Structure formats: structure tokens, C-alpha cells
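The block underneath contains the structure these notes are about, expressed in C-alpha cells.
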Amino acid sequence: MRELSLHIMDIVENGLRAGATLVEIFVKEDRKGNWLSVEISDNGHGMPDETLKKVMDPFFSTRSTRRVGLGLSMFRELCKRCDGEFDIKSKDGEGTKINASFRIDHIDLIPLGDMAGSMMSLIMGNSEADFLYTHEVDDRTFHLDTRQVREELEGLEIYNPQVVKSLGKLVRESLADLMEE
Ligand SMILES: Nc1ncnc2c1ncn2[C@@H]1O[C@H](COP(=O)(O)OP(=O)(O)OP(=O)(O)O)[C@@H](O)[C@H]1O
Ligand SMILES: [Mg+2]
Numbered sequence: 042m043r044e045l046s047l048h049i050m051d052i053v054e055n056g057l058r059a060g061a062t063l064v065e066i067f068v069k070e071d072r073k074g075n076w077l078s079v080e081i082s083d084n085g086h087g088m089p090d091e092t093l094k095k096v097m098d099p100f101f102s103t104r105s106t107r108r109v110g111l112g113l114s115m116f117r118e119l120c121k122r123c124d125g126e127f128d129i130k131s132k133d134g135e136g137t138k139i140n141a142s143f144r145i146d147h148i149d150l151i152p153l154g155d156m157a158g159s160m161m162s163l164i165m166g167n168s169e170a171d172f173l174y175t176h177e178v179d180d181r182t183f184h185l186d187t188r189q190v191r192e193e194l195e196g197l198e199i200y201n202p203q204v205v206k207s208l209g210k211l212v213r214e215s216l217a218d219l220m221e222e
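In terms of this note's numbering, the sequence shown has 96 at position 55, counting the first letter as 1, and numbering is strictly consecutive.
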């Protein structure tokens, strides 16, 4: 994968496949400290300890459509290569939380990529789930909470094309503002 946003989408999809109704995504860019960290947590069905021990094995997957599961192992691999720490915690019946950090100036770190596009496709493709996306760059923060968006929609659905268009624009512009120095 060429973008972190695609890895993030993959991890979020694991949670959605586990029946999550809320997925929280926290991206923190500490540019001065030279660390990028990503935290993704979901309230899906989680994993029992035996499964959790196996998930980092690229040949373990509970998917029935294919035998290998690469999402987590690839993400961890990238994180380790970039001098970062990787951690996964899960409670059977409660949910899962993944933390990963990356040294920003590491030569192997891939670009963050199109977070706005990734968030919008997650939102459009999973209208029954909610997302809380927080993106911090040093001391500035952007929040997107689909529960709050739904409240403000007054009867319109979040996947309504007009809503998607204006929400996408808002997210894209806010992130662009946040990213610039
Ligand atoms: N958030 C989660 N909640 C519950 N189970 C999870 C979660 N994330 C991963 N798993 C379990 O770990 C396995 C491995 O996940 P991983 O993302 O590495 O591969 P995959 O999702 O099976 O396949 P791929 O990501 O390549 O499409 C999954 O099949 C699933 O059983
Ligand atoms: Mg996966």
C-alpha cells in the first residue's frame, strides 16, 4: 500500500466486519517531536485471547473469502520499519484498539494520503455505523463526528448525494488548512 490512509481504512474495515457501530480514528502528527501516531478503536465483537495471539500472523484470517489476512501484519511491519511501536488490545465482546507510531522523517514512511477520501468512502459505505475522526497537527485539531453530523441533518440521510458532497468538501478543506504550516 502506498498511503497510510489506505492502511487506516483497512483497519477500520476490520472493526466494521466485527460489527462495530462506532469506530474512532485518531491521527496525531507531532511534527516538532517527529512522531506520527494512529489510534483506531472499535466497539465490535473483539477477539478472544487465542485469536488475538494469532492475528499478527499473515496467514491467519477469519475471512471466508480468502485464507490470508494481511491488513494488520502489513501495518505493523510498516510501523516497525519506521522505528515505531505497535500495539493491539482486544476484549472479547467489547472491542479492539490499535495503536501505531511512525517516525515522521523515516525514509520508509509512506505519505498519509487522502484521509478525506478514505473517511468519505467509509461513511458512504457504512451508513449504519458512526465514526469519530480526530486529526491533530501539533496544537491544532480537526474533529469529525458523524453522530453530530446526523443530528444536524434534520431528516436527510448521511449518504444523500448532496450531504456527501458538502461534507466531503468540508472535510477536505479543513484537513488542507490543518496540514499547512
Ligand atoms: N477490529 C477487529 N475486531 C475483531 N477481529 C479483528 C479485528 N481486527 C482484526 N481481527 C481479526 O484478525 C484477523 C486478521 O486481520 P487482518 O486485517 O490482518 O486480515 P483480514 O482482515 O482477515 O484480511 P485483509 O485485511 O487482508 O483483508 C481478521 O480476520 C479477524 O479475525
Ligand atoms: Mg483486514
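Glycine included, each C-beta is placed from N, C-alpha and C at the ideal position.
Computed from a prediction, not measured in an experiment: that's the story for all the values here.
>> By the three-class DSSP mapping on this structure, what secondary structure does E80 have?
In response: Residue state, collapsed to three classes: strand.
> Can you tell me whether E126 is buried or exposed, with buried defined as 16 or more other CB within 10 angstroms of its CB?
Replying inline: By the 10 Å Cβ count, E126 comes out exposed.
> In terms of residue numbering, what span does the beta strand (DSSP E) encompassing G136 cover?
Replying inline: Residues G136 to R144.
>> Do S46 and D124 count as a contact pair if the criterion is CB distance below 8 angstroms?
In response: Judged by their CB atoms, D124 and S46 are not nearer to each other than the 8 angstroms cut-off.
> Pick from E192, R104, S131 and K73: whose alpha carbon is nearest that of V178?
Replying inline: Of the candidates E192, R104, S131 and K73, the one whose C-alpha sits nearest the C-alpha of V178 is K73.
>> Since L219 and I145 should fall inside the 8 angstroms C-beta cutoff, what is the C-beta to C-beta distance between them, to a whole number of angstroms?
In response: Wrong, their Cβ atoms sit about 15 angstroms apart, outside the cutoff.
> Regarding E54 and ligand 2, is the C-beta to nearest heavy atom distance less than 7 angstroms?
Replying inline: Yes, ligand 2 has a heavy atom inside 7 angstroms of this Cβ.
> Exposed or buried, S168, counting other C-beta atoms within 10 Å across all chains shown (16 or more means buried)?
Replying inline: By the neighbour-count rule (16 or more Cβ atoms within 10 Å), S168 is not buried but exposed.
>> Assuming the contact rule is C-beta atoms closer than 8 angstroms, L216 and A157 should be a hit. Round their C-beta distance to whole Å, please.
In response: Their Cβ separation, rounded to whole angstroms, is 5 angstroms, which keeps L216 and A157 in contact under 8 angstroms.
>> What does the Cβ neighbour count give for I148, buried or exposed, with the cut at 16 atoms within 10 Å?
In response: Counting Cβ neighbours within 10 Å, I148 comes out exposed, since fewer than 16 surround it.
>> Could you check if D51 belongs to the surroundings of ligand 2, using beta carbon to heavy atom distance under 7 angstroms?
In response: Indeed, a heavy atom of ligand 2 lies less than 7 angstroms from the Cβ.
> Among the residues of its own chain, which have a CB less than 7 angstroms from the CB of I199, if the five just before and after it don't count?
Replying inline: Excluding sequence neighbours, I199 sits near I164, S168, T187, V190 and R191.
> With a Cβ-Cβ cutoff of 8 angstroms, do V64 and V53 count as a contact?
Replying inline: Cβ distance < 8 angstroms, so V64 and V53 count as in contact.
> Counting Cβ pairs closer than 8 angstroms, one from the stretch 203–211 and one from the stretch 87–104, do we hit at least three?
Replying inline: Short answer: they don't touch.
>> Which same chain residues end up closer than 6 angstroms to E70 when comparing Cβ atoms and leaving out the 5 residues on each side of it in sequence?
In response: Taken in chain order, the residues that qualify are L77 and V178.
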